[in-house]
Structures are given as structure tokens and as C-alpha cells.
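Letter by letter, the sequence shown follows residues 32 to 398 of the working numbering.
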Amino acid sequence: TTLDGSASVMLLTLGGAAREVLKVKSNVQYVDPGYLLYASDSTLVARRFDLSSGVVSGDPIVVGDQINYFRTTGLAQFAASRTGVIAYQAHTDDSRLATFDRTGLELAQVGASGGYLFIRLSPDERTLLFSRVDPRSSTFDIWTRDLNRGSETRITTDPSTEVRGHWAPHGTLIYSAVRGSAPRLFRRILATGKDEELSPDGLGMQGATSVSPDGASFLYSQRTDRGNYDLMIRGLSDNTTTPFRTSEASETDARFSPDGKLVAFVTDETGRNEVVIAAFPSGAATPVSTAGGTTPRWSANGRELLYIAADGELMAVPVRPVRRRRSETPKGSRARERTTGSGGNSKSCPTDGCWRLCAPGFPLSSP
């Protein structure tokens, strides 16, 4: 694979030089009596191949449609035996957006079904920001949806994956993109469509998690050389980067409170994921969950923190002001069927404090 994202299948003989056989970005398997099996976007195809000469011929033969294929890496989920038996995984990663009340009762579906991730409401609650999968390539693009008109706008069009979009000041978005490297941070100017790579220090995976209410900075997770994740603060005006939480544990999914004085995040310091809160920009962490928790989300008034317990139940915890901060006993809401599968993080709390928008029911990535 080259830096521009193109790729080729190469043939290497012992003692000889490698030569190009086929321009395709996919894993490839040779199948008797002389075929190359590979993915062309979401279609599994076979093509005649002379092993002695290393030459392909003829048109591709369709073997299967809607195969699970990830264009960013070129990985397609298929295998074949020497006898010609072929197995492949079909792409079925659909979910849907819906609104719910606090009891978990579904009120209405929002838009069509699809593979959704990382849902964010705009500050005025009129527009939904989300990532949605392209079933042909299994890559994600960032979209917006006008909740009043029902119209959608595609924000990113790069062939790679763009996820973790966040509303930022002055008509911009912060998001992560996979463009020839691990996920990196970008800022998009919505009016012009121009991107700016923010490029904080470090080469590991980077994903924005929350923009401060005053728009001065944002929090992002940074994978370290040890394989865990730290939380960092990035200034939007001065482009400075400072640590927020660094330890041997992983700290992820940090969220500013509406007043910007507190941050809720997830840590596995105890050996399992738990939700904690801490003062911003520094302060000791106060436990919130007691039996496992992920995906913390603040109510709009900042007086309540919601999270998903280890059993999938939605929990709500009253939170006192920062000067006398104390998190109280979590209270559950029966919304277990509303949570997403791996990588979901697809919840948002509007002004009434209810847990309203999510991608329910279906895991978005099932290997």
C-alpha cells in the first residue's frame, strides 16, 4: 500500500524480483484450478490467474455481494479451501437512530437504518452530527441531519474513515480521520470544507472526546507506547497540548460538564471500566460508578450524570456543584436494549435531561 492509499498484489519468486500482478486494495487468496479471490469494494470476486506466468486474464467473476470489507486497510472477511469451498462474512451492521424517554420507552425513529457511531447534538439541538458506515467499503463518513426538516448533509468525502465528530466554535468541527496512519485529529471549516490537521505530539491513535463549553480547548484520548490511553487537553487558539490524565491505566471517553468545571471520564484503574469525575483542568478523581460503567453523559443543566452500567442498564447520578462536589447513589433506568455494541458511544442528552438519542439494538462491528 502506498501513501496515497492505492495498493497492488505482488508476486515474488525465490531468488527473483517482486512484480505487480493486480492493482487492488484487498487481501488475496489463490484457489485451484487457477483463480485469485479478492474483494472489489463490497463484492467478492474471482479472476483467472496463471501461476506459472503470474498473469491475470478475463473479467472478474462475482462470487458474493455485500461482503464485510474495510477499505482503509483493504481487509475483506473471506477464506477458501484448496477444494474451492468459499466462506465469507456478509455486511449486516445496521442500526437505527431513535428517541426515548427516561424509562427507555421508544418515542420515535429518526431517519433511516444504517451503521451509526458517535452521535452529537448541536448546541441549539436542531442538528444531529454522526458518523455512518458506507456498506460498500465499511468506512465511515461524518454527516449532519436537520432534525426539523429531516434533510441530511455529508460532511466528509475522503475514501478513508472519519469518526468522532464534535461541534466546535466559529462554524468548525473537530474529528478523527485515518489517512495513511493511525487516527489523527483534524479541524473542518464547514463554510469552506477545508481541513486543518491539528497534529498533537505522539503517533498513536488520537480521538477527540469533548469540546469545552467556552470553545477554548478540547479533550482527546491518546494511545501510548504502553498500549493504554491518556487524556490530553488541546488549546484551539494557541495549539498547546497539556496532559489531563496520564497513568498506567487507560482513561477514555472524557466529557466536559455544561459549565466546563468538571470532566467525567472512564478509567480501568481498578481492573474494570468505571466512571469518575474530576475538576478541570486538574483535580482528584471522584468515583461515580461502583460496579462497572462506561459512556458518561451530562444532562444539559449539569446536575445529573448518566452512564451505562456493566449490565447494560442506563444509570442516572445527581451531581452537586464543584465547590461541594459529591456524586450520589446511581439510579437505574431500564434501557438495556437501547445500548449499542462495540464502539457505540452513541448517546446524547438534550435540555430536558432525558436520554434521547442512540443507536439501539445491533452491534456495529461483529467479527
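All residues carry an ideal CB built from backbone N, CA and C; glycine is no exception. Bear in mind that the values here come from a model prediction, so they are computed numbers and not experimental data.
{"Asked": "Spatial distance of Ala222 from Thr203 (CA atoms)", "Found": "8 angstroms"}
{"Asked": "Beta-carbon separation (whole angstroms), Trp174 vs Arg185, contact threshold 8 angstroms", "Found": "5 angstroms"}
{"Asked": "Euclidean distance between Cα positions of Phe249 and Pro166", "Found": "31 angstroms"}
{"Asked": "Backbone CA spacing between Leu293 and Arg210 [nearest angstrom]", "Found": "33 angstroms"}
{"Asked": "Leu196 versus Leu160: straight-line alpha-carbon distance, rounded", "Found": "Rather than Leu, the amino acid found at residue 196 in this sequence is Gly. One C-alpha to the other measures close to 7 angstroms."}
{"Asked": "Three-pair Cβ contact test at 8 angstroms for the stretch 88 to 104 versus the stretch 138 to 146", "Found": "no"}
{"Asked": "Cβ-based burial, Asp35 [other Cβ within 10 Å; buried from 16]", "Found": "For Asp35, the predicted structure reports a pLDDT of 49, less than 50, and the residue's modelled location is therefore unreliable. A value from the coordinates is still provided. Exposed is the call here."}
{"Asked": "Reduced DSSP category for Thr371 - H, G, I as helix; E, B as strand; rest coil", "Found": "Interpretation of Thr371 is limited by its pLDDT of 38, a score under 50 that renders its predicted location unreliable; no figure is taken from the coordinates."}
{"Asked": "Distance, Val242 Cα to Thr192 Cα", "Found": "21 angstroms"}
{"Asked": "Close-in-space but distant-in-sequence residues of the same chain around Asp290 (CB under 7 angstroms, 5 per side omitted)", "Found": "Pro244 and Gly333"}
{"Asked": "Contact the stretch 44 to 63 vs the stretch 105 to 113: 3+ CB pairs below 8 angstroms", "Found": "yes"}
{"Asked": "Residue burial classification, Arg365 (beta-carbon count within 10 angstroms, cutoff 16)", "Found": "A caution first: Arg365 carries a pLDDT of 44, below 50, which makes its placement in the model too unreliable to give a value."}
{"Asked": "Nearest candidate by alpha-carbon position, reference Leu53, set Ala70, Pro214, Gly47 and Asp63", "Found": "Ala70"}
{"Asked": "Which of helix, strand or coil DSSP assigns to Glu51", "Found": "strand"}
{"Asked": "Residue of Ser278, Phe296 and Arg113 minimising C-alpha distance to Asn259", "Found": "Ser278"}
{"Asked": "Reduced DSSP secondary structure (H/G/I, E/B, other) of Asp72", "Found": "coil"}
{"Asked": "Neighbour-count burial assignment, Pro214, 16 or more Cβ in a 10 Å radius", "Found": "buried"}
{"Asked": "Cβ-based neighbour list, Tyr61, same chain, cut-off 8 angstroms, excluding 5 preceding and 5 following", "Found": "Leu67, Leu68, Phe80 and Leu82"}
{"Asked": "Ala77 (DSSP reduced to helix, strand or coil)", "Found": "strand"}
{"Asked": "Spatial neighbours of Tyr100 in its chain, beta-carbon cut-off 6 angstroms, leaving aside the 5 residues before and after", "Found": "Ala70, Ser73, Ala107 and Ser169"}
{"Asked": "Start and end residues, beta strand (DSSP E) containing Gly324", "Found": "Gly324 to Trp329"}
{"Asked": "Whole-angstrom distance between Ala247 and Thr255, CA atom to CA atom", "Found": "25 angstroms"}
{"Asked": "Residue interval of the beta strand (DSSP E) (run including His197)", "Found": "Thr192 to Ala199"}
{"Asked": "Gly266 (DSSP reduced to helix, strand or coil)", "Found": "strand"}
{"Asked": "Ile186 - DSSP class collapsed to helix/strand/coil", "Found": "coil"}
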